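Residue numbers (the working numbering), protein chains in the order written: chain P, 1 to 104; chain V, 1 to 608.
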């Protein structure tokens, strides 16, 4: 499900955040980071959609599926941003926005 | 001497131009020497690849492929309303269309394997780009990307944080540590007065930025000049000029073959194919070796177009035979230079300088330049009115930010990185000059250069080392090494594991869940049946007082093997005082039914 959503989660059109987590390196680092990502997802009310490709420590947190009013979406956004901003394990985070790319 | 029975091969002028000899990529001689891209995998990152089509199927690499739009391993394009998702298939055909199958056309590297990553047919995010750039990066050697931000003359965009990280990770860890090769098409918005220095993929030092020239070696109407473009190769031009003939999809209006592939989209896959040929000759070329070979061997095709320089592929792809790897990448980053200087509205430009001393470069050992990048923050009420030039210490000028009449964005530039390859090979030490001119309406508000930062990339090679290497290439370009078996040894790559195992697709997951549910249901049903049947029989009063009459077993039950579990829980006692129990074998339990009457005598004391 890495990076693209899956059943039960919002697709790229829903709210999603990429986060970079601080964590140990070496053996067992991946499991430790995965646990941190799960914990962070729980703290933010999002779902951990897994590591972003091959980028160690980078995870995609996505909003669970379901329709929400615009006002609720904004509230969720603010709430998540606040949690991510003050979470000690989060080195960097960025809400995922749609990119416009064209064939040339 | 190369002949193919593919019906459109004679029209593939980019491979063998009979009308204008020399105006092709000169690849047939390489094929004659069995250099066809064998052992190399090129992946087309696009709207999918129709891998079942005859020209693609034999070379298709399912291992290198993925569909990020549907999240499954099959990058088959989906028909859309505009009959538009043929793009990736056309690019794939240019690279690796199978020859001699009487179907359509021939690919530049027809011996290579071709994979597809479908990512452009749906909403795209930074994280998806990051996944695409590293997908199967121990299988895929070259990533061919014929897309990018809008070439509308007003967009400033490029890879975001994750995309940048993925490109960097790809050149470090991809291809067993030799580095993934990212080929990007750029400069497709000439008619909108665009410039590819506003395309972050083109500016990236990790990409091979490719533009287009037409059959006559001229800049097509759609082409852009830009300082970060490494080279150009052939594509279509004006209406009177031929486009690229290649494989097409056969869905919707497609026929499996097209004569109308054009734009820089058509040029970049040709470069990807040529790089595949290079990698067959020397698989251990690093991503920087590939860039160096292009820079050192490309030739100018038009005096009026400083950046248009495709070279004779014939020799270029054989250069790797004598190519030893370039030294490690060295870099220098200046401090963030806070200026807060107004950009004059007069003809006089704003000039700022930064001197890079020998001591500054001692730390990294950087001596000669490759990419030079400048990150700027400028406020301006109309961004398109700015013209940004960078002068390297030698005096070489690069127009790194051309004015764009359509770009009226009022936000200026916020840490935007421009880059140039025009100073490649020059001495890094010296004074760099950034010149910013406002070419717009003189009545508007003046812009302000807030800050800038100079980033130099290069190596420990001295100018003398570069000249030596150029001399070696010149001798190789003479054809000296064509006929002998001269090859340099290749070091083994690193053992870098590809992704974390197999990712289960939603469909597989659903199937597994269904099977799991069915199994659980059947287990519960089965246990319940056993439990109820045992309880019914075990508590029959008749068993307590008299001989135990076993319930009649149906033939069906016997056949199904359910008989054992449905026998009554009897505690049997033989005349000798020994106990019978259910722990004994099914054969033992069958004894009362199967033994002849005489042997049954004395066994009637069996008690429930």
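We treat Cβ as the ideally placed atom computed from N, Cα and C, and that holds for glycine.
In this text, all values refer to a predicted model and were calculated from it rather than measured experimentally.
Under a CB-based cut-off of 7 Å, is residue i close to chain P?
i, result
"residue 150 of chain V", "yes"
"residue 308 of chain V", "Low confidence applies to residue 308 of chain V: its pLDDT is 43, below 50, so where it sits in the model is not reliable, and the reading given next is rough at best. Not an interface residue."
"residue 131 of chain V", "yes"
"residue 87 of chain V", "yes"
"residue 167 of chain V", "no"
"residue 185 of chain V", "yes"
"residue 188 of chain V", "yes"
"residue 624 of chain V", "Only positions 1 to 608 of chain V appear in the structure, and residue 624 of chain V is not among them; the question remains open."
"residue 390 of chain V", "no"
"residue 147 of chain V", "yes"
"residue 571 of chain V", "Residue placement at residue 571 of chain V is poorly supported in this model, since its pLDDT is 42, which falls under 50; the coordinates still yield a value, given next. Chain P contact via Cβ: absent."
"residue 123 of chain V", "yes"
"residue 264 of chain V", "yes"
"residue 191 of chain V", "no"
"residue 11 of chain V", "no"
Which two residues bound the contiguous beta strand (DSSP E) that contains residue i?
i, result
"residue 453 of chain V", "447-459"
"residue 474 of chain V", "Taken as a continuous stretch (DSSP letters only), residue 474 of chain V belongs to no beta strand (DSSP E), being part of the alpha helix (DSSP H) at 463-477."
"residue 59 of chain P", "58-62"
"residue 48 of chain P", "47-51"
"residue 16 of chain P", "16-21"
"residue 89 of chain V", "No beta strand (DSSP E) contains residue 89 of chain V, which is instead part of the alpha helix (DSSP H) from 87-96."
"residue 144 of chain V", "142-145"
Taking the CB atoms as reference points, tell me whether residue i and residue j lie closer together than 7 Å.
i, j, result
"residue 610 of chain V", "residue 433 of chain V", "This structure cannot settle anything about residue 610 of chain V, because the visible part of chain V is limited to 1 through 608."
"residue 197 of chain V", "residue 378 of chain V", "no"
"residue 345 of chain V", "residue 317 of chain V", "no"
"residue 238 of chain V", "residue 194 of chain V", "no"
"residue 184 of chain V", "residue 211 of chain V", "no"
"residue 49 of chain V", "residue 88 of chain V", "yes"
"residue 454 of chain V", "residue 339 of chain V", "no"
"residue 487 of chain V", "residue 425 of chain V", "no"
"residue 91 of chain V", "residue 146 of chain V", "yes"
"residue 381 of chain V", "residue 451 of chain V", "no"
"residue 473 of chain V", "residue 319 of chain V", "yes"
"residue 43 of chain P", "residue 83 of chain P", "yes"
Consider the Cβ of residue i: report whether some Cβ of chain V lies at a distance smaller than 7 Å.
i, result
"residue 102 of chain P", "yes"
"residue 54 of chain P", "yes"
"residue 18 of chain P", "yes"
"residue 96 of chain P", "yes"
"residue 46 of chain P", "no"
"residue 40 of chain P", "no"
"residue 99 of chain P", "yes"
"residue 61 of chain P", "no"
"residue 93 of chain P", "no"
Give the DSSP-derived three-state secondary structure of residue i in the structure shown.
i, result
"residue 413 of chain V", "strand"
"residue 12 of chain V", "coil"
"residue 263 of chain V", "coil"
"residue 38 of chain P", "helix"
"residue 20 of chain V", "coil"
"residue 359 of chain V", "helix"
"residue 616 of chain V", "As displayed, chain V neither begins before 1 nor continues past 608, which places residue 616 of chain V out of reach and without an answer."
"residue 340 of chain V", "strand"
"residue 378 of chain V", "strand"
"residue 139 of chain V", "coil"
"residue 609 of chain V", "In this structure chain V extends from 1 to 608, so residue 609 of chain V is not present and cannot be described."
"residue 126 of chain V", "helix"
"residue 487 of chain V", "coil"
"residue 328 of chain V", "coil"
"residue 27 of chain P", "coil"
Name the two residues that bound the continuous alpha helix (DSSP H) containing residue i.
i, result
"residue 92 of chain P", "That residue, residue 92 of chain P, is in no alpha helix (DSSP H); its beta strand (DSSP E) goes 90-95."
"residue 188 of chain V", "No alpha helix (DSSP H) holds residue 188 of chain V; DSSP gives it neither H nor E."
"residue 201 of chain V", "200-203"
"residue 73 of chain P", "70-86"
"residue 104 of chain P", "Run containing residue 104 of chain P: none; DSSP gives neither H nor E here."
"residue 32 of chain V", "28-32"
* To do: Mind the definition here: the segment 73-84 of chain V touches the segment 99-114 of chain V only if three or more C-beta pairs lie below 8 Å; say whether that holds.
  => Contact fails between the segment 73-84 of chain V and the segment 99-114 of chain V, because fewer than three Cβ pairs, one in each stretch, are under 8 Å apart.
* Kindly confirm or deny that the segment 285-298 of chain V and the segment 118-138 of chain V touch, where touching means at least three C-beta pairs closer than 8 Å. => No: fewer than three Cβ pairs fall under 8 Å.
* Asked: Within the chosen definition, does the segment 234-250 of chain V reach the segment 418-434 of chain V through at least 3 CB pairs nearer than 8 Å?
  -> The segment 234-250 of chain V is not in contact with the segment 418-434 of chain V.
* To do: Check whether the segment 134-142 of chain V touches the segment 166-173 of chain V, taking contact to mean three or more Cβ pairs, one atom from each stretch, closer than 8 Å.
  => Contact between the segment 134-142 of chain V and the segment 166-173 of chain V is present: three or more C-beta pairs spanning the two stretches fall below 8 Å.
* **the segment 379-393 of chain V / the segment 326-341 of chain V touching (three or more Cβ pairs under 8 Å)** => The segment 379-393 of chain V is not in contact with the segment 326-341 of chain V.
* Asked: Are three or more beta carbon pairs between the segment 96-104 of chain P and the segment 1-15 of chain V nearer than 8 Å?
  -> No: fewer than three Cβ pairs fall under 8 Å.
* Looking at C-beta atoms only, is the number of pairs between the segment 26-40 of chain P and the segment 96-104 of chain V that lie closer than 8 Å three or more? -> Inter-segment contact for the segment 26-40 of chain P and the segment 96-104 of chain V is absent: fewer than three beta-carbon pairs are separated by less than 8 Å.
* **Stretch-stretch touch, CB-based, cutoff 8 Å, three pairs: the segment 138-149 of chain V with the segment 24-43 of chain V** => Enough Cβ pairs lie closer than 8 Å, so yes.
* Asked: Just checking, does the segment 40-52 of chain P make contact with the segment 61-75 of chain P on the three C-beta pairs under 8 Å criterion?
  -> The segment 40-52 of chain P and the segment 61-75 of chain P touch, with no fewer than 3 CB-CB distances between them shorter than 8 Å.
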